[in-house]
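Visitor: When we follow my numbering, the leftmost residue of the sequence shown carries the number 59, and every step to the right adds one. Cβ coordinates follow ideal geometry from the N, Cα and C atoms, glycine included. After the structure tokens below, expect a handful of questions from me.
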Amino acid sequence: MDGASAKKSTSFETLVIQNITNVSELKAKLNDIIKTGKDYDYDVSSCLKALINSSDQDIVLLSIQAVSELVKCEEKRETYADKAIIAPILGILQKDITTENVELIKQCCRALGNLCCDCDNSRQIILESGGIPILIKLLERSFNMKLEAIQMLVAKSLLNYSIGGSEFSESIVKGGLIEVLARILSMELEKVDFDDDMISTCLLILSVINDNSPEFLFEETINKLVLKILKDTTNVEISELCVDHLLTQAEHDSVKTLLANEGGVQLVCARLEQLVDKHNAGDLNADDTEVQSIMKQACDLVIIVLTGDEAMRILYKNGMGEVYISMVKWLDSPNYHLLTTAVLAIGNFARQDDYCIQMMQDNIFDKLLDIFETYHKLEIRSASGPQPVAGATLSKLQHGAVSALRNLSVARDNKRRAAAAGRAAPALLRALPLVRDHHVAYKLLATLRMLLDGQESVAKLLASDAEALASVARWGHAPEHTGAGGEAPRLLAWAVKQLRHHPHWAHIVQVDGCISSLVNMLVASHSLMQNEAILALTLLAIESLKKLSPDEPTDYDYGKSFTSQLIKSEIGKHVTILVDTNCAKMPVEVAENLLAFLDITSKNNEVQLDYKEAKVHETLKKFRDSRNDLSDDMKICISGIVSAISDNGTSV
Numbered sequence: 059m060d061g062a063s064a065k066k067s068t069s070f071e072t073l074v075i076q077n078i079t080n081v082s083e084l085k086a087k088l089n090d091i092i093k094t095g096k097d098y099d100y101d102v103s104s105c106l107k108a109l110i111n112s113s114d115q116d117i118v119l120l121s122i123q124a125v126s127e128l129v130k131c132e133e134k135r136e137t138y139a140d141k142a143i144i145a146p147i148l149g150i151l152q153k154d155i156t157t158e159n160v161e162l163i164k165q166c167c168r169a170l171g172n173l174c175c176d177c178d179n180s181r182q183i184i185l186e187s188g189g190i191p192i193l194i195k196l197l198e199r200s201f202n203m204k205l206e207a208i209q210m211l212v213a214k215s216l217l218n219y220s221i222g223g224s225e226f227s228e229s230i231v232k233g234g235l236i237e238v239l240a241r242i243l244s245m246e247l248e249k250v251d252f253d254d255d256m257i258s259t260c261l262l263i264l265s266v267i268n269d270n271s272p273e274f275l276f277e278e279t280i281n282k283l284v285l286k287i288l289k290d291t292t293n294v295e296i297s298e299l300c301v302d303h304l305l306t307q308a309e310h311d312s313v314k315t316l317l318a319n320e321g322g323v324q325l326v327c328a329r330l331e332q333l334v335d336k337h338n339a340g341d342l343n344a345d346d347t348e349v350q351s352i353m354k355q356a357c358d359l360v361i362i363v364l365t366g367d368e369a370m371r372i373l374y375k376n377g378m379g380e381v382y383i384s385m386v387k388w389l390d391s392p393n394y395h396l397l398t399t400a401v402l403a404i405g406n407f408a409r410q411d412d413y414c415i416q417m418m419q420d421n422i423f424d425k426l427l428d429i430f431e432t433y434h435k436l437e438i439r440s441a442s443g444p445q446p447v448a449g450a451t452l453s454k455l456q457h458g459a460v461s462a463l464r465n466l467s468v469a470r471d472n473k474r475r476a477a478a479a480g481r482a483a484p485a486l487l488r489a490l491p492l493v494r495d496h497h498v499a500y501k502l503l504a505t506l507r508m509l510l511d512g513q514e515s516v517a518k519l520l521a522s523d524a525e526a527l528a529s530v531a532r533w534g535h536a537p538e539h540t541g542a543g544g545e546a547p548r549l550l551a552w553a554v555k556q557l558r559h560h561p562h563w564a565h566i567v568q569v570d571g572c573i574s575s576l577v578n579m580l581v582a583s584h585s586l587m588q589n590e591a592i593l594a595l596t597l598l599a600i601e602s603l604k605k606l607s608p609d610e611p612t613d614y615d616y617g618k619s620f621t622s623q624l625i626k627s628e629i630g631k632h633v634t635i636l637v638d639t640n641c642a643k644m645p646v647e648v649a650e651n652l653l654a655f656l657d658i659t660s661k662n663n664e665v666q667l668d669y670k671e672a673k674v675h676e677t678l679k680k681f682r683d684s685r686n687d688l689s690d691d692m693k694i695c696i697s698g699i700v701s702a703i704s705d706n707g708t709s710v
């Protein structure tokens with residue numbers, strides 16, 4: 059080594075320690091290592107491995123304390139992640155707790171906790187050495203003996219251990235830790251002022267289990283305790299941990315019902331209102347990010363509970379439930395968290411016809427429409443400059459509002475009321491061409507479909523609005539957006555069905571893209587959608603291809619337009635795919651409707667040619683020969699279509 063300031067080598071330092079024979083000098087050296095801690099430059103792990111097994115308990119204590127300090131350094135931690143270090147520590151923790159060894163046990167727990175920090179090797183050694191039963195038993199003993207310092211250190215060690223992954227968190231569950239945590243939490247709740255650090259540590263362990271095993275369902279006792287802590291605490295961090303735990307657990311319907319029955323959702327709603335008031339007044343001792351995070355979690359918890367059927371009924375309580383009333387009130391809230399939650403909550407309450415009818419009578423439908431229009435207009439304005447509301451919030455509010463409107467529109471009585479009021483359909487049709495978010499478009503199209511069901515006046519409005527029809531067709535050609543892409547042709551199909559006795563059907567033929575949207579729906583994955591497309595195309599074929607009487611002059615050739623759009627949409631190819639992919643599973647009623655469509659359209663020479671090129675006739679023969687559930691009439695119809703395509707499908 060060069061220079062007076064050169065450091066001693068690790069091997070020399072080890073040799074120095076090994077040759078100390080005076081106990082006082084050895085203690086002084088160990089205290090020096092402890093004081094220097096993670097900044098100590100030398101690897102003396104071999105010395106400490108030996109000293110941990112010393113017969114002098116003071117030396118053992120100082121050696122373990124030295125390990126605890128040294129492994130605060132991440133680089134040194136791997137060096138000390140050794141069975142020769144960990145096994146003796148676990149051996150000490152198995153001994154009875156006495157006044158003489160309390161400090162030693164504390165240092166052992168500290169050492170294990172630090173060793174487990176971001177170190178899977180340490181965790182694995184503890185697991186393989188049977189350390190988890192030892193630690194859990196120690197936690198029980200410290201709890202029974204009211205040794206709170208040891209209890210805290212053991213809990214933190216188990217937390218650091220479990221963070222490593224599902225293998226480690228599952229081992230503490232199997233070891234019975236949850237039952238011990240329940241006892242600790244119960245005891246803390248009995249205190250006038252519970253220990254925030256102890257509560258947080260227990261909740262963090264539960265959080266790790268939730269993260270590593272999201273499907274794990276805790277016993278009702280634990281979930282009730284967490285809810286009780288949420289009720290009693292004023293600590294924002296603890297509240298966030300409680301809400302986070304309950305949010306994960308609420309994936310289970312039993313927990314949704316528990317929270318509804320135990321006043322959990324009412325509590326969360328009240329806390330949300332308090333948070334908003336305090337935040338607005340600047341009275342919160344937490345940064346804005348933290349507040350926004352817990353508000354989002356709490357709002358998510360309210361919504362996920364309402365997705366449970368039983369929980370939703372409990373909270374609705376015939377329109378008198380505290381939570382339902384809060385949600386109605388929040389529809390007027392200027393806070394976007396509360397407003398968004400209210401809109402989504404109403405959508406979840408609107409899953410039962412009698413609830414929907416009552417909400418319609420209470421003008422909830424109109425409030426939702428107001429919200430949609432307000433934020434839709436804001437989004438339009440955002441294209442020309444910054445707005446006070448974030449784009450994601452604008453989309454979420456529009457999506458939530460039209461989702462709730464869609465659910466409210468399912469009930470027959472509500473369809474009639476909405477049509478009679480004459481406001482909803484025109485407003486949504488005006489908005490449709492300007493919607494760019496596919497999530498919003500999906501629910502808007504679905505809402506229009508519900509409003510149109512059985513209501514000819516709404517179908518006429520849609521058919522008379524060329525811009526809206528073009529937008530429906532545009533979304534119908536967006537297969538990458540499955541929601542909107544699936545709803546658009548269904549809306550067209552339902553409109554055609556409503557308009558079969560009215561001349562408005564003609565507008566659907568006139569707007570480019572509508573026919574091809576319906577043709578594309580022939581190969582949808584659901585037979586219901588396939589059948590809807592077939593029926594709509596059949597009705598349009600009947601009207602478009604019929605011969606007009608001399609007293610029915612027209613300046614638009616609907617037959618020519620319809621057939622050219624069919625051919626442009628590759629109708630033959632779609633029919634072939636439909637039959638080929640559903641040969642064995644196509645329901646008979648769907649097959650009957652398809653044959654009716656083919657029977658009508660195969661009489662047109664241009665369509666016949668398209669069918670022939672796509673080998674529709676050959677596909678139909680295979681279909682006929684492979685099915686034994688077709689009636690004689692259906693077989694005769696197939697033969698006629700096959701003959702028409704085979705014999706007459708020639709170019710002219």
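Have a look at 400, 132, 308 and flag the residue whose alpha-carbon is nearest the alpha-carbon of residue 173.
Guide: Considering only alpha carbons, the answer is 132.
Visitor: Does DSSP put residue 410 in a helix, in a strand, or in coil?
Guide: Reduced to three states, the DSSP call for residue 410 is coil.
Visitor: So the candidates are 309, 243, 518, 421; which of them puts its Cα closest to the Cα of residue 279?
Guide: Nearest C-alpha to residue 279: 243.
Visitor: Starting from residue 456, trace the alpha helix (DSSP H) in both directions and tell me its first and last residue.
Guide: 449-466 is the extent of the alpha helix (DSSP H) around residue 456.
Visitor: Helix, strand or coil: how does DSSP classify residue 98 here?
Guide: If DSSP states are grouped into helix, strand and coil, residue 98 belongs with coil.
Visitor: Since residue 423 contacts residue 374 with CB under 8 Å, what's their CB separation in whole angstroms?
Guide: Between residue 374 and residue 423 the Cβ distance is about 16 Å, and since that is not below 8 Å, they are no contact.
Visitor: Taking the runs of the alpha helix (DSSP H) that are 4 residues or longer, which of them lie wholly in the segment 181-243?
Guide: Those alpha helix (DSSP H) runs which fall completely within the segment 181-243 and span 4+ residues are 189-202, 206-220, 224-232.
Visitor: Given this structure, state the Cα-to-Cα distance separating residue 550 from residue 532, to the nearest angstrom.
Guide: The straight-line gap from Cα to Cα measures roughly 12 Å.
Visitor: Quick one: is residue 495 buried, meaning 16 or more other Cβ sit within 10 Å of its Cβ, or exposed?
Guide: It is buried - the Cβ of residue 495 has at least 16 other Cβ atoms within 10 Å.
Visitor: Does the segment 541-555 come close enough to the segment 584-597 that 3 or more CB-CB pairs lie under 8 Å?
Guide: With a cut-off of 8 Å, the segment 541-555 and the segment 584-597 count as touching, because enough Cβ pairs lie within range.
Visitor: Suppose you measure from the CA of residue 449 to the CA of residue 463; what does that come to, to the nearest Å?
Guide: Cα to Cα, the separation comes out at about 21 Å.
Visitor: Compute the Euclidean distance between the alpha carbons of residue 214 and residue 312, then round it to the nearest angstrom.
Guide: For residue 214 and residue 312, the distance between alpha carbons rounds to 30 Å.
Visitor: Answer with buried or exposed for residue 405, where buried requires no fewer than 16 other C-beta atoms within 10 angstroms of its C-beta.
Guide: It is buried - the Cβ of residue 405 has at least 16 other Cβ atoms within 10 Å.
Visitor: Does residue 512 come out as helix, strand or coil in the three-state DSSP assignment?
Guide: Here residue 512 sits in coil by DSSP.
Visitor: Could you tell me the alpha carbon to alpha carbon distance between residue 507 and residue 176, rounded to whole angstroms?
Guide: Going by the C-alpha atoms only, they are around 54 Å apart.
Visitor: What are the complete alpha helix (DSSP H) segments, minimum 4 residues, inside the segment 509-596?
Guide: Listed in chain order, they are 514-522, 524-534, 540-556, 563-568, 572-579.
Visitor: For residue 385, which option in 326, 434, 366 has the closest C-alpha, if you only look at C-alpha atoms?
Guide: When only C-alpha atoms are compared, the closest one is 326.
Visitor: May I ask you to check if the CB of residue 220 is nearer than 8 Å to at least one heavy atom of the ligand COA?
Guide: The ligand COA is not part of this structure, which contains no ligands at all.
Visitor: Leaving out five residues before and five after residue 632 in sequence, what residues of the same chain have Cβ atoms less than 6 Å from its Cβ?
Guide: Excluding positions up to five away in sequence, the list reads 577, 580, 581.
Visitor: Residue 156 by DSSP, collapsed to three states: which one?
Guide: Coil.
Visitor: For residue 559, count the other beta carbons within 10 Å of its own beta carbon; 16 or more makes it buried, fewer makes it exposed. Which is it?
Guide: Result: exposed.
Visitor: Which residues bound the alpha helix (DSSP H) around residue 430?
Guide: Residues 422-440.
Visitor: Could you give the DSSP three-state label for residue 78: helix, strand or coil?
Guide: The answer is coil: DSSP assigns residue 78 none of H, G, I, E or B.
Visitor: Is the separation between the beta-carbon of residue 556 and that of residue 530 shorter than 9 Å?
Guide: For residue 556 and residue 530, no; Cβs fall outside 9 Å.
Visitor: Quick one: is residue 99 buried, meaning 16 or more other Cβ sit within 10 Å of its Cβ, or exposed?
Guide: Per the 10 Å Cβ criterion, exposed.
Visitor: What residue ranges within the segment 304-357 form continuous alpha helix (DSSP H) runs of no fewer than 4 residues, ordered along the chain?
Guide: Correct list: 311-319, 322-339.
Visitor: Go ahead and pull the three-state DSSP assignment for residue 276.
Guide: Residue 276 falls in the coil class under three-state DSSP.
Visitor: Would a C-beta distance cut-off of 9 Å place residue 675 and residue 629 closer than the cut-off?
Guide: Taking 9 Å as the Cβ cut-off, residue 675 and residue 629 do not qualify as a contacting pair.
Visitor: For residue 91, which residues from the same chain have a beta carbon less than 8 Å from its beta carbon, with the 5 sequence-adjacent residues on both sides left out?
Guide: Only 98, 102, 124, 127, 128 meet the Cβ criterion.
Visitor: What's the call for residue 281, buried or exposed, on a 16-neighbour Cβ count within 10 Å?
Guide: When all chains shown are included, residue 281 counts as buried.
Visitor: Would you kindly report the start and end of the unbroken alpha helix (DSSP H) that includes residue 146?
Guide: From DSSP, the alpha helix (DSSP H) with residue 146 extends over 141-151.
Visitor: Taking the alpha helix (DSSP H) that residue 125 falls in, what are its first and last residues?
Guide: Start and end: 115-128.
Visitor: Is the segment 181-190 touching the segment 162-169, taking contact as three or more C-beta pairs under 8 Å?
Guide: No, the segment 181-190 is not in contact with the segment 162-169.
Visitor: At what residue ranges does the segment 612-645 contain a whole run of the alpha helix (DSSP H), taking only runs of 4 or more?
Guide: Within the segment 612-645, the complete alpha helix (DSSP H) runs of at least 4 residues are 616-626, 629-639.
Visitor: Rounding to the nearest angstrom, what Cα-Cα distance links residue 59 and residue 306 in this structure?
Guide: Model confidence at residue 59 stands at a pLDDT of 38, short of 50, so the residue's coordinates are unreliable; what they give is reported in the following sentence. The straight-line gap from Cα to Cα measures roughly 59 Å.
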